[in-house]
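Asks: Keeping their order, the protein sequence lines are chains A and B.
The number in this note's numbering is simply the position in the first sequence, starting from 1, with 60 added.
The number in this note's numbering is simply the position in the second sequence, starting from 1, with 10 added.
All C-beta atoms, glycine included, are put in the ideal place defined by N, C-alpha and C.
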Amino acid sequence: MLERRAFAADLDYGRAGPSRGEWAMGIEFRGVTKKYPDGTVAVDDLNLTIEDGTITVFVGPSGCGKTTSLRMINRMVEPTSGTILLDGADVRDSDPALLRRGIGYVIQHAGLFPHRTVLSNVATVPLLSGWEKRKARERAAELLETVGLPAELGKRYPAQLSGGQQQRVGVARALAADSPVLLMDEPFSAVDPVVREGLQDELLRLQSQLGKTIVFVTHDIDEAVRLGDKVAVLRVGGRLAQYGTPADVLRHPVDDFVAGFVGKDRGYRGLSFLSAGDVLVEDVPTVRVGSAPGESTDWRLAVNDEGEPRGWLPPSSTVDGDLSESDLLAGGSLYQQGTPIRGALDAALSSPASLGVVVDADGKAIGVVTARQVLDVIENHPQGVTR
Amino acid sequence: MSFFDELGQYLGSASNREQIVDTLAEHCYLALLPLVLGIVLAIAIGWLGRAWPRARGVTLVLANLVYTIPSLALFVMIPSLIGTKMLDSINVVVALTLYTAALLVRPVLDALDAVPPAVIASATAMGYRPARRFLTVELPLAVPVLAAGVRVASVSNISLVSVGALIGVGGLGVLFTDGFQREYFSPIVVGIVLTLLLALVVDLLLVLSRRLLTPWDRTTAPVRTEVAV
Ligand SMILES: Nc1ncnc2c1ncn2[C@@H]1O[C@H](COP(=O)(O)OP(=O)(O)O)[C@@H](O)[C@H]1O
Ligand SMILES: [Mg+2]
């Protein structure tokens with residue numbers, strides 16, 4: 061399925077390996093306030109340091125000043141007071157157009173130019189920066205591949221693409237700036253949830269290769285928690301309510317506003333970004349389908365010749381001759397190692413043996429986890445749990 | 011003598027034919043130059059109207075006022091306003107430019123307003139400076155809405171040129187005044203037919219060029235091809 065192809069599969073920036081931090085830059089808000097001419101205070105005394113090479117998510121209800129904050133970074137909006145530093149330099153010292161050509165920007169609904177083909181859309185910034193046409197188009201074609209779009213799409217107009225494809229083109233166009241900073245304003249909120257999840261995954265994959273400084277705006281706390289290294293929760297009136305890691309914000313909301321915003325199911329939601337890397341995978345007795353199982357007083361996991369789990373054999377069960385699949389209890393969901401811990405809990409809770417089956421990337425059973433073990437991992441990680 | 015004999019006789023004369031070709035050429039020039047100038051003027055006004063929202067209301071009122079001035083009055087007034095000679099074809103060009111611009115100010119503003127704000131914002135975010143953004147993003151996107159207005163203006167111009175014949179500069183209109191003075195039908199009929207034909211041809215050309223200018227506008231429905239989504 062096209063939507064799910066990797067953003068970053070064939071990335072070649074002429075740089076070796078991930079370059080986290082090497083060419084990224086930090087962003088600092090110092091006492092930034094924006095009051096619009098009509099008196100609306102959109103951002104109120106914002107102080108915030110965005111570390112380079114990380115994804116920082118501005119999250120909050122509609123109208124809380126997320127877009128305004130983002131647009132002050134590339135000077136599409138000028139602060140009423142305060143300073144924004146990009147890599148230590150006041151953004152006001154740069155020519156706005158040149159500053160913007162050096163900062164990738166992705167907007168909701170992609171904001172693609174309807175009158176230009178996909179390829180020329182992606183080539184926009186290189187062309188503005190005076191690149192040769194041919195070189196700019198080559199670069200654009202490369203980027204289409206980077207975001208997982210087939211080259212044929214380059215000749216189409218944006219209206220001929222699906223919403224998800226348009227968003228990819230938007231990302232490709234922003235990457236064409238080849239800039240260390242990427243600003244993304246609700247880039248995925250106009251696509252359906254399944255496509256959105258694919259785009260989020262691929263943004264993360266892309267980021268693991270590029271190590272850009274990404275400021276990402278969303279009103280969706282799930283998206284914030286999923287993508288952010290840090291999350292800045294804003295409240296209406298443009299005040300920063302809390303700034304910290306997703307685990308922090310979910311676990312220790314500073315006040316009722318943040319608690320209400322992250323929601324009542326924040327505990328469970330938190331599981332979706334905790335890694336189960338530290339869950340001890342225990343051995344489990346196994347039996348092979350098609351061979352005689354013998355006797356045991358334990359739950360035994362039945363596997364096929366490839367080592368893939370097929371079901372459970374209850375304690376002290378008797379089988380005539382060789383074990384067949386009809387002798388087994390259906391297993392629960394499987395937990396693939398390295399995926400979010402929510403899956404491990406699901407596997408443990410849905411297993412007839414109360415043992416969650418852990419499989420490797422090839423689907424081979426490598427052991428089991430109990431719900432208790434999963435919960436222990438969660439309890440022992442008050443914060444700073446990696447994705 | 012039947013009408014057709016008369017017409018045959020009229021068209022048989024080399025000097026008449028020469029007059030027809032000359033007046034037709036003049037008609038084209040008098041109608042189309044102001045069309046182009048008027049479009050440019052209206053776009054400039056539209057740009058101002060967007061840059062200064064407060065200027066909008068005033069421009070629209072002015073545009074309406076200009077359009078209500080009778081054409082003959084405008085033809086007669088212009089020489090005293092800009093110091094040209096009474097029979098100078100410039101007068102007609104200036105007057106029709108004003109009409110065209112007046113007619114197009116609203117469509118231009120509507121067309122520019124119809125450009126999605128997200129597109130303008132993303133152009134700004136990409137690093138376009140305002141003038142280039144206007145010319146290469148906003149204006150091309152305004153073409154579909156603008157094109158309808160331009161078609162109306164072209165027909166209006168082609169018909170108004172004839173009024174200029176009353177002050178001696180009127181393209182095919184000269185055939186009407188001639189015909190009336192000489193009580194001679196053929197030039198009148200030829201004038202009418204050629205005016206209609208000219209309007210039709212120009213309209214056709216406008217429709218064609220609009221299609222050429224907006225290849226992207228025919229593709230609004232997502233095309234399902236071999237590429238799976
Ligand atoms: N150009 C503007 N003029 C006046 N008020 C504005 C303007 N842009 C945004 N606002 C107001 O500022 C506040 C914050 O807006 P915005 O930054 O767009 O919020 P968000 O992106 O979080 O929804 C809102 O109350 C909004 O109505
Ligand atoms: Mg917003």
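Is it true that the CB of B/A209 sits closer than 7 Å to the CB of B/V179?
Replies: Counting from 1 along the second sequence, the entry for residue 179 of chain B is found at position 169. Counting from 1 along the second sequence, the entry for residue 209 of chain B is found at position 199. No, Cβ-Cβ distance for B/V179 and B/A209 is not below 7 Å.
Asks: Find the residues of chain A that neighbour B/V31, judging by a C-beta separation of less than 9 Å, and give them in chain order.
Replies: As a first step, residue 31 of chain B is located in the second sequence; it is residue number 21 there, counting from the start. Per Cβ cutoff of 9 Å: no residues; B/V31 is ~40 Å from chain A at best.
Asks: Considering just the uninterrupted stretch of the alpha helix (DSSP H) at A/S141, what are its terminal residues?
Replies: If you number the first sequence from 1, residue 141 of chain A lands on position 81. Segment S141 to L146 is the beta strand (DSSP E) holding A/S141; no alpha helix (DSSP H) there.
Asks: Going along chain A, which residues have a C-beta under 9 Å from B/R192?
Replies: Within the second sequence, the letter at position 182 stands for residue 192 of chain B. Those do not exist, as B/R192 stays about 53 Å from chain A at its closest Cβ, beyond 9 Å.
Asks: Report the rounded CA-to-CA distance for B/L5 versus B/T110, giving the unit in angstroms.
Replies: Coverage of chain B is limited to positions 11 through 239, which leaves residue 5 of chain B absent and any answer about it impossible.
Asks: Whole angstroms is fine: what's the gap from A/W83's alpha carbon to A/Q225's?
Replies: By 1-based counting over the first sequence, the position of residue 83 of chain A is 23. By 1-based counting over the first sequence, the position of residue 225 of chain A is 165. Model confidence at A/W83 stands at a pLDDT of 47, short of 50, so the residue's coordinates are unreliable; what they give is reported in the following sentence. C-alpha separation (whole angstroms): 28 Å.
Asks: If I measure Cβ to Cβ from A/L512 and keep anything under 6 Å in the same chain, skipping five residues before and after, which residues do I get?
Replies: This structure does not reach residue 512 of chain A, given that chain A is present from 61 up to 447, and the question cannot be answered.
Asks: Show which residues of chain A have a CB atom less than 8 Å away from the CB atom of B/L119.
Replies: Looking up residue 119 of chain B in the second sequence gives position 109. None at all; the shortest Cβ gap to chain A is about 19 Å.
Asks: When burial is assigned at 16 or more other CB atoms within 10 Å of the CB, is A/Y96 buried or exposed?
Replies: The residue you call residue 96 of chain A lines up with position 36 of the first sequence. Counting Cβ neighbours within 10 Å, A/Y96 comes out exposed, since fewer than 16 surround it.
Asks: Let me check understanding here. Comparing Cα to Cα, which of B/F13, B/L42, B/L151 and B/A54 lies closest to B/L215?
Replies: Against the second sequence, residue 215 of chain B aligns to sequence position 205. When each option's Cα is compared against that of B/L215, the closest is B/L42.
Asks: Return yes when the C-beta of A/T177 is under 6 Å from any heavy atom of ligand 2, and no when it is not.
Replies: Position 117 of the first sequence holds residue 177 of chain A. Outside the cutoff, so no.
Asks: From A/E355, A/S141 and A/V178, pick the residue whose C-alpha is nearest to that of A/S222; which is it?
Replies: Within the first sequence, residue 222 of chain A is the residue found at index 162, counting from 1. Taking only the C-alpha atoms, the option nearest A/S222 is A/V178.
Asks: Please identify, using Cβ separations under 9 Å, the residues of the stretch 167 to 197 of chain A that lie next to chain B, in order along the chain.
Replies: For the stretch 167 to 197 of chain A, which is checked against every Cβ of chain B, the residues closer than 9 Å are I167, Q168, H169, A170, G171, L172, F173, P174, H175, R176, T177, T184, V185, L188 and S189.
Asks: Give me the Cα-Cα distance between A/R65 and A/V207, rounded to the nearest whole angstrom.
Replies: Within the first sequence, residue 65 of chain A is the residue found at index 5, counting from 1. Within the first sequence, residue 207 of chain A is the residue found at index 147, counting from 1. With a pLDDT of 33 at A/R65, under the threshold of 50, the predicted position of this residue should be treated as unreliable, and no value is reported.
Asks: What residues of chain A sit near B/W57, judged by a beta carbon separation below 8 Å?
Replies: In the second sequence, the residue the question calls residue 57 of chain B occupies position 47. Those do not exist, as B/W57 stays about 18 Å from chain A at its closest Cβ, beyond 8 Å.
Asks: Start and end of the alpha helix (DSSP H) containing B/Y39?
Replies: As a position in the second sequence, residue 39 of chain B is number 29, starting the count at 1. Note, B/Y39: alpha helix (DSSP H), A24 to A61.
Asks: Residues of chain A with CB under 9 Å from B/T94, in chain order?
Replies: Position 84 of the second sequence, counted from the first residue, corresponds to residue 94 of chain B. The premise fails here: B/T94 is roughly 40 Å from chain A at the closest Cβ pair, so nothing lies under 9 Å.
Asks: What in chain B is Cβ-close to A/M136, meaning under 9 Å?
Replies: Numbered from 1 along the first sequence, position 76 holds the residue referred to as residue 136 of chain A. Those within 9 Å of A/M136 in chain B are A131, T134 and A135.
Asks: If we ignore side chains and look at the alpha-carbon of each, how far apart do A/V255 and A/E262 end up?
Replies: Residue mapping note: residue 255 of chain A aligns to position 195 of the first sequence, counting from 1. Residue mapping note: residue 262 of chain A aligns to position 202 of the first sequence, counting from 1. So the alpha carbons of these two residues sit roughly 11 Å apart.
Asks: How about A/S239 and A/G123: are their beta carbons less than 7 Å apart?
Replies: The residue labelled residue 239 of chain A in the question sits at position 179 within the first sequence. The residue labelled residue 123 of chain A in the question sits at position 63 within the first sequence. In this structure, A/G123 does not lie closer than 7 Å to A/S239 by Cβ.
Asks: Measuring alpha carbon to alpha carbon, tell me which of A/G297, A/N134 and A/V182 ends up nearest A/A201.
Replies: Taking the first sequence and counting its residues from 1, the one referred to as residue 201 of chain A is at position 141. A/A201 has its Cα closest to that of A/V182, out of A/G297, A/N134 and A/V182.
Asks: Residues in the same chain with beta-carbon distance under 6 Å from A/G350, minus the five sequence neighbours each way, listed in chain order, please.
Replies: Here residue 350 of chain A is taken as the residue at index 290 of the first sequence, counted from 1. Correct list, in chain order: D382.
Asks: Who pairs with A/K95 in a beta bridge, going by DSSP?
Replies: As a working note, residue 95 of chain A is residue 35 in the first sequence. The partner list for A/K95 (beta bridge, DSSP) reads A/V101.
Asks: For chain B, check one thing: does any of its Cβ atoms lie closer than 7 Å to the Cβ of A/A157?
Replies: Residue 157 of chain A sits at position 97 when you count from the first residue of the first sequence. For A/A157, the answer is yes, since a Cβ of chain B falls inside 7 Å of its Cβ.
Asks: Note down, in chain order, every chain A residue with its Cβ under 9 Å from the Cβ of B/A152.
Replies: Working through the second sequence from its first residue, we reach residue 152 of chain B at position 142. In chain order: nothing, as chain A lies at least about 10 Å away.
Asks: DSSP has A/I401 in a bridge; who is on the other side?
Replies: Mapped onto the first sequence, residue 401 of chain A falls at position 341. Paired residue(s): none; A/I401 is not in a bridge.
Asks: At least one CB of chain A closer than 7 Å to the CB of B/A128: is that the case?
Replies: Here residue 128 of chain B refers to the residue found at position 118 when the second sequence is read from its first residue. Cβ-Cβ to chain A under 7 Å: yes for B/A128.
Asks: Would you identify the three-state DSSP class for A/I87, choosing helix, strand or coil?
Replies: Within the first sequence, the letter at position 27 stands for residue 87 of chain A. Looking at A/I87 - three-state DSSP - the assignment turns out to be strand.
Asks: Return the chain-ordered list of same chain residues with a C-beta closer than 6 Å to the C-beta of A/N364, the five sequence neighbours on each side being excluded.
Replies: Counting from one through the first sequence, the residue named residue 364 of chain A turns up at place 304. These residues qualify, in order along the chain: V349 and R370.
Asks: Compute the Euclidean distance between the alpha carbons of A/V429 and A/S410, then round it to the nearest angstrom.
Replies: Your numbering for residue 429 of chain A matches position 369 in the first sequence. Your numbering for residue 410 of chain A matches position 350 in the first sequence. Distance between the alpha carbons of A/V429 and A/S410: 12 Å.
Asks: Can you check whether the C-beta of B/R60 is within less than 7 Å of a C-beta belonging to chain A?
Replies: Counting from one through the second sequence, the residue named residue 60 of chain B turns up at place 50. Taking Cβ atoms only, chain A never reaches closer than 7 Å to B/R60, which makes this a no.
Asks: Got a sec? Which residues, its chain only, sit under 7 Å from A/A390 by beta carbon, not counting five neighbours each side?
Replies: Taking the first residue of the first sequence as 1, we reach residue 390 of chain A at position 330. The residues are G371.
Asks: Using the C-alpha atoms, what's the distance from A/I438 back to A/R432?
Replies: Residue mapping note: residue 432 of chain A aligns to position 372 of the first sequence, counting from 1. Residue mapping note: residue 438 of chain A aligns to position 378 of the first sequence, counting from 1. Roughly 10 Å separates the two Cα atoms.
Asks: Let me see if you follow: with CB-CB separation under 7 Å, is A/R161 close to chain B or not?
Replies: For the purposes of this step, residue 161 of chain A is taken as residue 101 along the first sequence, with counting starting at 1. Yes, its Cβ sits closer than 7 Å to a Cβ of chain B.
Asks: Just checking A/Y165 against ligand 1 - is the residue's beta carbon closer than 6 Å to any of the ligand's heavy atoms?
Replies: Working through the first sequence from its first residue, we reach residue 165 of chain A at position 105. Result no, Cβ not under 6 Å from ligand 1.
Asks: In or out: B/N167 buried (at least 16 other Cβ within 10 Å) or exposed?
Replies: Start at 1 with the first residue of the second sequence, and residue 167 of chain B comes out as number 157. B/N167 should be labelled buried.
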